[in-house]
Structure formats: structure tokens, C-alpha cells
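What follows is one structure encoded as C-alpha cells, with my remarks underneath.
Number of protein chains: 2
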Amino acid sequence: MKIRKEYTCPLEIIHDILKGKWKTVILWQLKYHGKASLSQLEQDIKGISQKMLLEQLKELREFDLIDKLNFEGYPLKVEYFLTEDKGKKIIKALEIMQEVGQEYINECRKS
Amino acid sequence: MKIRKEYTCPLEIIHDILKGKWKTVILWQLKYHGKASLSQLEQDIKGISQKMLLEQLKELREFDLIDKLNFEGYPLKVEYFLTEDKGKKIIKALEIMQEVGQEYINECRKS
DNA sequence: CGGTATCCTTCGCGATACTG
DNA sequence: CAGTATCGCGAAGGATACCG
Numbered sequence: 096m097k098i099r100k101e102y103t104c105p106l107e108i109i110h111d112i113l114k115g116k117w118k119t120v121i122l123w124q125l126k127y128h129g130k131a132s133l134s135q136l137e138q139d140i141k142g143i144s145q146k147m148l149l150e151q152l153k154e155l156r157e158f159d160l161i162d163k164l165n166f167e168g169y170p171l172k173v174e175y176f177l178t179e180d181k182g183k184k185i186i187k188a189l190e191i192m193q194e195v196g197q198e199y200i201n202e203c204r205k206s
Numbered sequence: 096m097k098i099r100k101e102y103t104c105p106l107e108i109i110h111d112i113l114k115g116k117w118k119t120v121i122l123w124q125l126k127y128h129g130k131a132s133l134s135q136l137e138q139d140i141k142g143i144s145q146k147m148l149l150e151q152l153k154e155l156r157e158f159d160l161i162d163k164l165n166f167e168g169y170p171l172k173v174e175y176f177l178t179e180d181k182g183k184k185i186i187k188a189l190e191i192m193q194e195v196g197q198e199y200i201n202e203c204r205k206s
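Taken in order, these protein sequences are the chains called A and B.
Numbering (my numbering) for the first sequence: 96 to 206.
Numbering (my numbering) for the second sequence: 96 to 206.
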């Protein structure tokens with residue numbers, strides 16, 4: 096974990112966990128897929144590189160928001176998915192933000 | 096506004112709006128104060144500089160999450176507050192995140 | 001008290017190449 | 001298909017000084 100300092104507000108720790116361009120979008124994708132492989136996520140999240148994706152997935156795992164399952168044999172296969180507790184709870188917040196985001200987009204279309 | 100590109104996911108626009116270390120904490124403070132002056136916020140948000148605070152407040156205003164009221168006369172006085180629509184709606188998401196953040200903090204204390 | 005401007009350091013993140 | 005390593009640029013953000 097990359098957490099060190101004392102936090103004045105619980106929102107600060109959430110910022111440290113979710114910061115970066117990709118984390119919320121990755122969580123959002125996992126919400127819809129239920130389970131997804133690395134290459135699936137790479138295809139669905141436009142613009143992300145494999146390096147960034149793996150980096151962010153690793154951090155999300157360290158914070159118990161997602162987990163993964165490794166399958167034996169070739170070709171290699173993994174499944175990433177939201178954790179029942181923290182992962183699915185944070186999704187509730189993202190659902191609201193998604194709605195607000197949609198409002199911004201609708202307003203842009205008007206003008 | 097700093098928004099340009101096309102968005103694949105509404106969460107991307109929210110990221111562009113809320114990104115940075117301070118925005119969520121500022122919104123959270125305004126939720127509790129109702130209305131707050133610059134100096135009040137500066138005191139309550141530990142570690143923030145006046146420059147950062149003003150910068151972030153300006154951006155939050157541009158995105159209609161907060162607004163401000165200027166009072167005439169000396170000493171100068173302003174009041175910052177959440178907007179009824181977008182500001183108070185995004186707070187709903189922050190409330191959930193705040194809860195999850197508290198869980199992380201509680202778990203840290205155990206270990 | 002509220003707000004603007006400048007300088008400087010850190011780090012997010014994109015590109016690219018390589019391994020099991 | 002999944003994952004690791006390196007390099008470099010540009011933006012975020014901290015310190016500091018100054019203006020209405």
C-alpha cells in the first residue's frame with residue numbers, strides 16, 4: 096500500500112486510492128462485465144495502455160477493491176472482478192457520479 | 096472549462112472535474128459549513144495553501160459545483176457554498192466514499 | 001481578507017521493448 | 001495472453017512574494 100501520512104478526512108484516503116486517470120473507469124467496466132480478462136479490459140477501455148492497465152489493476156487489488164483469479168495452463172487466463180465488500184460499495188458512489196457526468200454531457204450537447 | 100475531448104464514459108468527465116488532491120475535501124467542508132469564507136476553508140483544510148485553495152475553488156465554480164457571494168466594503172468578505180443541483184448531488188457520492196474511507200482507517204488502526 | 005503571478009520540484013502516465 | 005522494466009515529457013502542486 097502507498098498510504099503513509101495521517102489523514103484529516105476519510106476522503107483523503109479515498110483520493111489516494113482512486114487517484115489517476117483510469118481507476119474509476121476500470122471499476123466501472125468490471126461492474127458491467129462481472130468478470131473480465133486483461134485483454135477484454137484493454138479493448139473496452141479506450142486509450143489505455145497495457146502497462147497502465149496492469150499498474151492500476153495492481154493498485155486496486157492492494158486496496159481490496161478488486162481481486163483476480165489465475166487459471167492454469169496455456170493460453171494463460173485470468174479473471175478480474177470487484178470484491179463483494181469494498182468494491183461493490185464504492186460502485187454505489189460511482190453510480191451517482193456517473194449520473195452527474197451524464198448531466199454534464201447532456202448540457203454540452205444543448206449548447 | 097478545461098473539457099475538450101470526447102468522453103467514452105461519463106465517469107471520465109467527472110474525473111476531469113474532481114481531479115486533484117483537494118476538490119473533494121473542499122466540497123466536503125462546504126457541506127458542513129453551509130457557507131464558508133476563504134480563510135475559514137484555509138484553516139479547516141490542513142495542509143492546503145491559499146494558492147491551491149483559490150485555484151480549486153475557481154475550477155469548482157466553473158463546473159457549477161459551488162458558487163460564491165461577494166460582500167461590499169472592508170474588510171472584504173466572500174461566502175462560498177455548494178450549488179443546489181450539481182453540488183449537492185455530487186455530495187451524495189462523496190458521502191458513500193467517506194464511509195468507505197472510514198472503513199480503511201478503522202482497519203489500519205486494528206493492525 | 002481575498003486574489004494573482006512566478007518559480008521549481010515531483011510524479012502521473014504514455015511510448016516502447018522485453019519475459020514467462 | 002499476462003506481466004515487468006526503462007525512459008522522458010508535461011502537468012500537478014508546493015513555496016513565496018506581491019496587489020486591491
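Glycine is no exception: its CB is placed at the ideal position from the N, C-alpha and C atoms.
- When C-alpha distances from L164/A are compared across P170/A, L171/A, L155/A, Y175/A, the shortest belongs to Y175/A.
- Spanning the alpha carbons of I200/A and K153/A requires a straight line of approximately 31 Å.
- For the stretch 132-161 of chain B, the beta-carbon criterion of a distance under 7 Å to any beta-carbon of chain A is satisfied by K141.
- Any Cβ of chain A closer than 8 Å to the Cβ of K205/B would place that residue at the interface, and such an atom is absent.
- In this structure, the straight-line span from the alpha carbon of V173/A to that of A131/A is close to 8 Å.
- The C-beta of G129/A comes no closer than 8 Å to any C-beta of chain B.
- Apart from the 5 residues on each side of it in sequence, L148/B sits with its Cβ closer than 8 Å to the Cβ of W117, I121, L133, L136, E137, I140 in its chain, given in chain order.
- The alpha-carbon of L189/B is positioned some 23 Å away from that of Q145/B.
- E179/B does not reach chain A, its nearest Cβ partner there being about 13 Å away, counting only Cβ pairs nearer than 8 Å.
- Short of 7 Å from the beta carbon of I185/A, and not among the five residues preceding or following it, lie these beta carbons of its own chain, in chain order: L122, L160.
- The distance from the Cβ of T119/A to that of L113/A is about 6 Å, consistent with a contact at the 8 Å cut-off.
- In this chain, I143/B is not harboured by any alpha helix (DSSP H), its DSSP state being neither H nor E.
- For a Cβ distance threshold of 8 Å, residue set T119, V120, W123, L189, M192, Q193, G196 of chain A lies close to L106/B, ordered along the chain.
- Cα atoms of F166/A and E202/A: separation of roughly 45 Å, rounded to the nearest angstrom.
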